[in-house]
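Heads up: the structure comes next, in structure tokens.
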Amino acid sequence: MQSEDRASDVHGEIERLVRPLLQAFDDSDLTRLSVDEEEFGLEIVRRSRPRRAVESAAAAEPAQQIPAAARRPMDVVAADVVGIFHGSRPEAVVGQQVAESRELGYVEALGIRNPVRVGRAGAIAEIFVSEGEPVDYGQPLFGIEVGA
Amino acid sequence: MKKVLIANRGEIALRVNRACHELDIPTVAVFSEADRESLHVKRADEAFCVGPGPSARSYLNIPNIISAALISGADAIHPGYGFLAENARFAEICRDHGITFIGPSPDAIRAMGDKATAKRIMVDAHVPVTPGTDIVESVEEARAFAESAGYPVLIKATAGGGGKGMRAVHAPEDLEQALNSASSEAQAAFGDGRVYLEKLILNPRHIEVQVLADAYGGVLILGERDCSVQKPSHQKLIEEAPGPHLSGAFRSALYEVAREAVKAVRYVNAGTLEFLGEGERFYFMEMNTRIQVEHPVTEEIFDIDLVKEQLRIARGEPLSRRQQDLHAQGHAIEVRVNAEDPANNFAPAAGTLKTVQLPGGPGIRVDTHLYEGATVPPYYDSMLAKIVARGADREEAIARMVRALRETTIEGVKTTVPFCIEVLTDPEFIAGGVDIGYLPRFLVREARLEAAAVR
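These protein sequence lines are chains L and F, in that order.
First residue of the first sequence? That's 25 in the numbering used here, and the numbers climb one at a time after it.
First residue of the second sequence? That's 264 in the numbering used here, and the numbers climb one at a time after it.
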């Protein structure tokens with residue numbers, strides 16, 4: 025019993041030491057970290073690219089210090105009802121500047137036209153929907169590059 | 264019927280999907296954002312997201328569901344159970360849009376959904392209901408009823424709800440005071456102090472009758488189910504068919520009454536009449552105007568597909584079977600596998616399922632939407648699976664169920680599986696014919712044993 029207790033104590037101790045190190049490593053852009061102490065040694069090596077970089081490229085609102093070439097944040101205008109999409113005339117095009125609350129079309133459901141409006145002003149970056157297409161709840165319709 | 268939209272989720276959505284596909288009818292699933300990866304979405308021919316996780320904004324979102332039916336070309340909607348299944352307004356909206364609601368008429372749903380109306384219709388049809396009074400004007404009137412019906416009696420507020428203005432009276436000397444306090448409580452809570460009395464049936468059995476009726480007056484009585492094993496919240500946990508230890512006279516009277524009730528309501532499609540059973544007597548409680556969770560035990564002993572019958576009836580066909588050709592064979596039991604912790608007052612759990620090993624072998628049927636890695640969202644009913652065991656007799660059905668539950672491994676959330684094994688191996692359950700007080704008593708007994716073991 026006693027040796028088992030001691031073993032679990034040692035395990036607990038190592039876990040207590042390693043867990044914050046792993047966390048700090050994970051949060052960093054480091055690819056290698058080594059600790060060499062009298063009673064304790066550890067080396068962590070990252071094989072993949074630092075996670076943060078991958079995440080920030082995909083994130084909707086990346087951190088400040090991203091390269092100038094990286095994308096500006098994109099808002100997705102999604103359908104909030106199930107129905108048939110009809111675009112406004114003239115048809116929206118990629119690159120077009122749109123003001124806040126600008127109507128880009130409507131989703132017709134049960135005879136009611138539910139307007140599709142831009143949230144924040146910007147440029148149309150993506151058009152995910154085509155004229156007369158059935159859409160469901162949450163379906164992306166337009167991507168807006170905010171502030172572009 | 265060219266295409267059916269299934270306005271539900273989980274195992275019942277899959278159950279309906281299976282019936283449609285067997286009849287060569289394409290299906291449309293609806294789902295919430297929390298159910299995007301659900302099996303019912305993958306198995307349907309088309310699927311529409313109708314809202315976010317909370318059911319009020321998705322599975323109860325009538326405009327989005329109707330719109331999904333219209334744009335997909337579905338000409339019928341199966342509501343399953345729960346959600347919109349007993350919503351008369353929804354059935355009307357379907358009709359107004361030229362969509363067949365697979366279930367009874369809005370009028371039948373409405374009539375049975377209102378307790379007072381349902382009771383009046385049943386009394387007129389000579390269906391026994393719990394004996395009771397109209398509004399009582401005096402203590403003498405209340406006393407006269409209690410003497411004739413026998414104590415205990417229950418005082419209920421006519422405006423009542425949530426137990427307010429309700430009193431159980433076990434002895435004549437308590438009647439007057441209970442009457443006064445119930446009335447003043449009701450007056451304070453609802454501004455209406457009027458009360459009535461009902462005979463209180465302590466710990467009855469829950470016996471229900473499955474019926475099918477077509478649009479041409481054809482009625483099938485598909486025997487009874489015993490659903491007396493209920494959690495303290497009165498939710499069913501274990502159901503079986505036929506009901507154990509019921510006399511021939513009880514059964515024939517029950518079936519005859521059920522047939523009269525169906526005719527009185529001019530009911531069409533599948534339905535269930537629920538009764539309280541006490542000895543050789545039974546009293547009408549309510550009618551459920553939909554397919555029920557526990558329908559498989561009836562399917563197993565009658566070798567009938569109730570959901571396919573619902574679809575056939577809805578498309579105007581007469582019943583496919585005749586009463587004289589229907590004979591129950593053997594015994595079937597269903598266990599509800601819920602994501603709940605029985606040790607913690609059946610608190611529901613949500614999470615991701617790490618391991619899912621479901622039972623099989625002779626006599627076992629599993630209706631479930633589970634798969635390994637599936638998530639159990641926090642928004643909905645906690646039922647994960649229904650395990651049904653069939654046997655030549657009750658003993659074999661129980662043995663198969665216990666074996667099947669021991670084969671079952673679900674990791675990631677706590678389930679009712681281990682608890683149900685304890686119940687199914689309890690001598691009182693094995694003896695059969697327990698009442699609705701059985702499970703709460705079982706829980707108290709187990710808690711005492713545990714406390715004794717700790718000491």
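Beta carbons: idealized from backbone N, C-alpha and C, even for Gly.
Note that this is a predicted model, so its numbers are computed, not measured.
Asked, Found
"Starting from the Cα of F364(F), find the closest Cα among I596(F), F294(F), V531(F) and give me that residue.", "V531(F)"
"Measure the beta-carbon distance from H558(F) to E274(F) and round it to whole angstroms, keeping in mind my assumption that it falls under 8 Å.", "So it is not a contact: roughly 11 Å between Cβ atoms."
"Taking only beta-carbon atoms, is I269(F) less than 8 Å away from chain L?", "no"
"On the CB-based measure, 16 or more other CB atoms within 10 Å of its CB, does S72(L) come out buried or exposed?", "Its pLDDT being 43, under 50, S72(L) is placed unreliably in this model, and the value from its coordinates should be taken loosely. S72(L) comes out exposed."
"Among residues of its own chain, excluding the 5 on either side of Q555(F), which ones have a beta-carbon nearer than 7 Å to its beta-carbon?", "Y344, T535"
"Can you tell me the Cα-Cα spacing of G481(F) and R383(F), whole angstroms?", "24 Å"
"Assuming the contact rule is C-beta atoms closer than 8 Å, A307(F) and T290(F) should be a hit. Round their C-beta distance to whole Å, please.", "4 Å"
"Give me, in chain order, the residues of the same chain whose beta-carbon lies closer than 6 Å to that of A82(L); leave out the 5 immediate sequence neighbours on both sides.", "Below a pLDDT of 50, predicted positions are generally treated as unreliable, and A82(L), at 35, falls in that range; the measurement from the model is reported next regardless. Answer for A82(L): no residue qualifies."
"Measure the C-alpha to C-alpha separation of E691(F) and A351(F) and round it to an integer number of angstroms.", "41 Å"
"Which chain L residues are close to F252(F), counting only those with a beta carbon under 7 Å from its beta carbon?", "Past the boundaries of the shown model lies residue 252(F); chain F is included only from 264 to 718, so the question cannot be answered."
"From this set, A602(F), V560(F), E541(F), V492(F), which residue's C-alpha is nearest L706(F)'s C-alpha?", "V492(F)"
"Where does the unbroken alpha helix (DSSP H) through T561(F) begin, and where does it stop?", "558 to 565"
"Could you check what DSSP says for F453(F) in three-state terms: helix, strand or coil?", "helix"
"Determine contact between the stretch 294 to 303 of chain F and the stretch 331 to 339 of chain F, defined as no fewer than three beta-carbon pairs at a distance below 8 Å.", "no"
"Could you tell me which residues DSSP pairs with D568(F) in its beta bridges?", "Answer is none; D568(F) lacks a bridge partner."
"Given a cut-off of 8 Å, decide if E448(F) and K427(F) are closer than it, judged by their beta-carbon atoms.", "yes"
"Determine the closest residue to L286(F) out of R430(F), R578(F), I684(F), with distance taken between C-alpha atoms.", "R578(F)"
"Given that a residue counts as buried once 16 or more other Cβ atoms are within 10 Å of its Cβ, and exposed if not, what is D644(F)?", "buried"
"Compare the C-beta of A133(L) with all C-beta atoms of chain F and state if any pair is closer than 8 Å.", "yes"
"Report back the beta-carbon spacing between I156(L) and L128(L) to the nearest angstrom; my notes put them in contact at under 8 Å.", "Looking at the sequence shown, residue 156(L) is not Ile but Gly. In fact, because the Cβ distance is near 15 Å, the residues do not count as touching under 8 Å."
"Would you call the CB atoms of F408(F) and T396(F) closer than 8 Å?", "yes"
"Starting from H469(F), follow its DSSP beta bridges and name the residues at the other end.", "L539(F)"
"Taking E296(F) as the query, report the chain L residues whose CB atoms sit under 8 Å from its CB, ordered along the chain.", "Y161, G162"
"Would you say A331(F) reaches chain L, if we count a Cβ-Cβ gap shorter than 8 Å as a contact?", "yes"
"Checking contacts by CB at 8 Å: is G361(F) closer than that to chain L?", "no"
"According to DSSP, is K526(F) part of a helix, a strand, or is it coil?", "helix"
"Are the CB atoms of F609(F) and K526(F) within a distance shorter than 8 Å?", "no"
"Between R708(F) and the rest of its own chain, which residues show a CB-CB distance below 8 Å, the 5 nearest in sequence each way excluded?", "none"
"Residues bridged to Y130(L) by DSSP?", "H110(L), P139(L)"
"Which one of R141(L), I168(L), G107(L) has the shortest CA to CA distance from A147(L)?", "I168(L)"
"For S80(L), name the three-state secondary structure that DSSP assigns.", "Caution applies to S80(L), whose pLDDT of 32 falls short of 50 and renders its modelled position unreliable; the model cannot decide the point."
"I need the straight-line Cα distance from Y642(F) to Q620(F), nearest angstrom please.", "24 Å"
"So, using beta-carbon positions, are R553(F) and E349(F) closer together than 8 Å?", "yes"
"Can you check whether the C-beta of P326(F) is within less than 8 Å of a C-beta belonging to chain L?", "yes"
"For a quick check, are the C-beta atoms of L754(F) and P505(F) less than 8 Å apart?", "Residue 754(F) cannot be examined here, being either before or after the span of chain F that is shown, 264 to 718."
"Would you mind telling me which residues of chain L sit closer than 7 Å to G314(F), beta carbon to beta carbon, in chain order?", "Y161"
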